[in-house]
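To start, the structure itself, in structure tokens.
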Amino acid sequence: MGNKQSHWLDSKKHFGGQKPGLALVKWLNDPPTSPKFVEDLLSHAQLVSQGLAEYPSLHQLNVARKKKKLAPEFWDSYQKVNEMLATFTYAPQIDLHDFYDGERVSLTLVTEQPIALYSVQVRWVLQLIEQRAILKIRRCEECESWFFAQFAHRKFRKTSCQIKHFAGSEKFKEKRRIRAKNPPEFAQLAETLRSQLRSAGIKARGFPSCINYGIEVDGDFITLLSVSATNMWFPLPQRAVRALGDERFVACKQKINNVVAFYRPEDVSEPTKTNTLGPRFGALDGKVEAFVEAVTEIAETVRGAVTEAS
Ligand SMILES: [Zn+2]
Numbered sequence: 073m074g075n076k077q078s079h080w081l082d083s084k085k086h087f088g089g090q091k092p093g094l095a096l097v098k099w100l101n102d103p104p105t106s107p108k109f110v111e112d113l114l115s116h117a118q119l120v121s122q123g124l125a126e127y128p129s130l131h132q133l134n135v136a137r138k139k140k141k142l143a144p145e146f147w148d149s150y151q152k153v154n155e156m157l158a159t160f161t162y163a164p165q166i167d168l169h170d171f172y173d174g175e176r177v178s179l180t181l182v183t184e185q186p187i188a189l190y191s192v193q194v195r196w197v198l199q200l201i202e203q204r205a206i207l208k209i210r211r212c213e214e215c216e217s218w219f220f221a222q223f224a225h226r227k228f229r230k231t232s233c234q235i236k237h238f239a240g241s242e243k244f245k246e247k248r249r250i251r252a253k254n255p256p257e258f259a260q261l262a263e264t265l266r267s268q269l270r271s272a273g274i275k276a277r278g279f280p281s282c283i284n285y286g287i288e289v290d291g292d293f294i295t296l297l298s299v300s301a302t303n304m305w306f307p308l309p310q311r312a313v314r315a316l317g318d319e320r321f322v323a324c325k326q327k328i329n330n331v332v333a334f335y336r337p338e339d340v341s342e343p344t345k346t347n348t349l350g351p352r353f354g355a356l357d358g359k360v361e362a363f364v365e366a367v368t369e370i371a372e373t374v375r376g377a378v379t380e381a382s
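Count along the sequence shown from 1, add 72, and you get the number used in our numbering.
Take a look at the structure:
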């Protein structure tokens with residue numbers, strides 16, 4: 073125990089802030105007016121809360137302040153949050169003394185007549201501070217929509233956002249790996265290949281060491297082309313080879329070999345030979361379009377064969 077996360081997940085606190093949290097998130101995701109004031113208030117309040125969470129007492133906070141350990145942003149936000157809140161008739165304030173006395177938000181009467189445009193949203197923010205749940209209001213790292221994080225480690229609004237995010241970062245890593253391991257002109261060919269395959273509707277599946285391109289038939293992924301950081305293969309799975317039958321399999325091999333040699337010349341017309349060579353990206357020079365066209369045609373042949381076999 074003792075770390076912030078387990079403390080946060082402690083007993084009842086786990087459900088703290090759910091009501092104002094969900095209401096605020098819903099409003100932020102579809103605000104009828106500009107959400108700027110509320111978003112600013114939220115971000116300043118979060119920065120202050122984060123700072124305060126690190127120091128369990130005012131004394132410790134003051135020690136940190138003297139040692140200049142507190143970030144200047146903390147004081148900026150502390151001031152901003154109170155300035156913003158001061159625009160209300162009963163101005164709620166976060167006062168350091170009151171805060172550590174257990175009153176996380178205190179009310180001060182201000183005499184000027186304020187324009188309380190966002191009174192409901194501000195009340196939610198204040199309730200979240202009181203219920204120690206202000207840091208649970210987050211933006212999804214993938215789609216940037218707001219959500220209420222029930223668990224401390226949640227960074228995405230939905231599981232689908234998480235999947236999308238990691239698929240994206242896998243593709244990015246792959247791109248970087250290809251750039252690192254190839255001459256620039258080969259890397260460029262690999263990138264052109266990738267984008268043309270995508271526009272041709274060929275699906276991609278990322279793996280730690282390669283990306284497989286292929287088609288989905290009845291929920292099954294059939295790989296046609298496998299691409300590593302340096303080489304390409306044409307590893308038609310047995311299921312597809314069987315469905316195609318000798319004649320069509322040989323025709324597919326011929327079609328791809330006419331553009332890039334994936335099969336040894338003596339193996340092309342031999343239906344039992346399924347081993348594929350691993351040419352480098354340079355083999356695509358001046359041929360990316362023809363290659364993608366061949367892959368697309370083979371994809372359709374395989375789709376038809378597998379569908380009719382199942
Ligand atoms: Zn999302």
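Beta carbons are placed, not taken as given, at the ideal position from N, Cα and C, and that holds for glycine.
With contacts defined as CB atoms closer than 9 Å, L113 and V177 fail to qualify as a contacting pair. With a threshold of 8 Å, the Cβ atom of R210 does not count as near ligand 1, since no heavy atom of the ligand is closer than that. Looking only at D167, V299, E365, F228, the smallest Cα-Cα distance to W147 is reached by D167. Scanning I287, R336, L296, K108 for the CA closest to the CA of Y190 turns up K108. At the C-beta level, A355 and A333 come within 9 Å of one another. Assignment of D318 by DSSP, reduced to helix, strand and coil, places it in the helix class. DSSP assignment within the region 268-355 yields the following whole alpha helix (DSSP H) runs of 4 residues or more, N-terminal first: 310-329. Inter-segment contact for the region 246-255 and the region 295-307 is present: three or more beta-carbon pairs are separated by less than 8 Å.
Judged by the Cβ position, F228 qualifies as a neighbour of ligand 1 at the 8 Å threshold, a heavy atom of the ligand being closer than this.
Inclusion of L261 and V367 in the CB contact set at 9 Å is not warranted, their separation being larger than that value. DSSP places R137 in the uninterrupted alpha helix (DSSP H) bounded by 130-138. Rounded to whole angstroms, the separation of the alpha carbons of R375 and G286 is 10 Å. Here DSSP, grouped into helix, strand and coil, assigns F146 to helix. Taking the Cβ of S217 as the reference point, at least one heavy atom of ligand 1 falls within a distance shorter than 8 Å. Of all alpha-carbon atoms in W305, H131, F220, I274, the one lying nearest the alpha-carbon of F293 is that of I274. In the three-state reduction of the DSSP assignment, P164 falls in the strand class.
The continuous beta strand (DSSP E) containing I209 extends over residues 209-211. Looking at R311, T264, T346, N284, the one whose alpha-carbon comes closest to that of A362 is T264. No heavy atom of ligand 1 is found nearer than 8 Å to the CB of C282. Taken through DSSP and simplified to helix, strand or coil, F228 comes out as coil. Taking C-alpha positions only, S115 is separated from A158 by approximately 17 Å. V97 is positioned such that its CB atom lies closer than 9 Å to that of I209. Sequence-distant partners of Q193 (beyond 5 residues in either direction) whose C-beta falls short of 7 Å from its own C-beta, in its chain, are L96, W99, V110. In this structure, L316 lies away from R336, with their beta-carbon atoms at least 9 Å apart. Counted as a single uninterrupted DSSP element, the beta strand (DSSP E) harbouring F220 occupies residues 218-220. By the neighbour-count definition (other C-beta atoms within 10 Å, threshold 16), G89 is a buried residue. If you ignore the 5 residues before and after G240, its C-beta comes within less than 6 Å of no other C-beta in its own chain. Between the C-alpha atoms of T105 and V153 there is a straight-line separation of about 20 Å.
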